[in-house]
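Notes follow the structure.
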Amino acid sequence: MLMRTDPFRELDRLAQQLMGPGTWSKPSAMPMDAYREGDEYVVAFDLPGVTADAIDIDVERNMLTVNAERRSVTKADDVQMELSERPLGVFSRQIVLADTLDTEHIKADYDAGVLTLRIPIAERAKPRKISIGVGSGRKEISG
């Protein structure tokens, strides 16, 4: 049986441990996908293990900011952690939105560790047909 290995996996894990968890002054990045679906843009952020109340979404002018915090699930004093590979701490991502997006009507859903934002395209930015009027005759300006 062939196994697929990544020689840098252990190096990435060690680097993450050395850098420590993200803090509010230096948050870690969160992975995301962004794509257009019909008349809206969809942005999906991976936030497994984060509760919905630990996510903060702000829009200021055209800057969208998503902050999240993954907290430890063990709170008892008698718990001794044997292995901890899931990163804890603060995660953040900022995206500059185009002027053609309607930031007043952003919808956010959180399901199965994925935060999905749906940002509609503004009416003024949608393609439209312009009809051509046909004049009924010649008009003169008198004055």
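Here the working numbering is used: the first residue of the sequence shown is 27, the next is one more, and so on. Every residue, glycine too, gets a C-beta built ideally from N, C-alpha and C.
Look at the Cβ atom of VAL116, then the Cβ atom of PHE71, and state whether they are nearer than 8 angstroms. The sequence position of residue 116 within the sequence shown is 90, counting from 1. The sequence position of residue 71 within the sequence shown is 45, counting from 1. No; because the gap between Cβ atoms is not below 8 angstroms, this pair is not in contact.
Boundaries (first-last residue) of the beta strand (DSSP E) holding ILE81: On the sequence shown, residue 81 is found 55 positions in, with the first residue counted as 1. Looking at the DSSP string, the run of the beta strand (DSSP E) that includes ILE81 is 81 to 86.
In angstroms, rounded to a whole number, what distance separates the CA positions of ASP137 and ILE121? Locating residue 137 in the sequence shown gives position 111, counting from the first residue. Locating residue 121 in the sequence shown gives position 95, counting from the first residue. ASP137 and ILE121: Cα-Cα distance of roughly 21 angstroms.
Secondary structure of ARG119, DSSP reduced to three states: As a position in the sequence shown, residue 119 is number 93, starting the count at 1. Strand, per DSSP.
Which runs of the beta strand (DSSP E), 3 residues or longer, sit entirely within the stretch 92 to 150? Correct list: 115 to 122, 133 to 137 and 140 to 146.
Alpha-carbon spacing of MET58 relative to ASP135, whole angstroms: Position 32 of the sequence shown holds residue 58. Position 109 of the sequence shown holds residue 135. Their Cα atoms are separated by approximately 14 angstroms.
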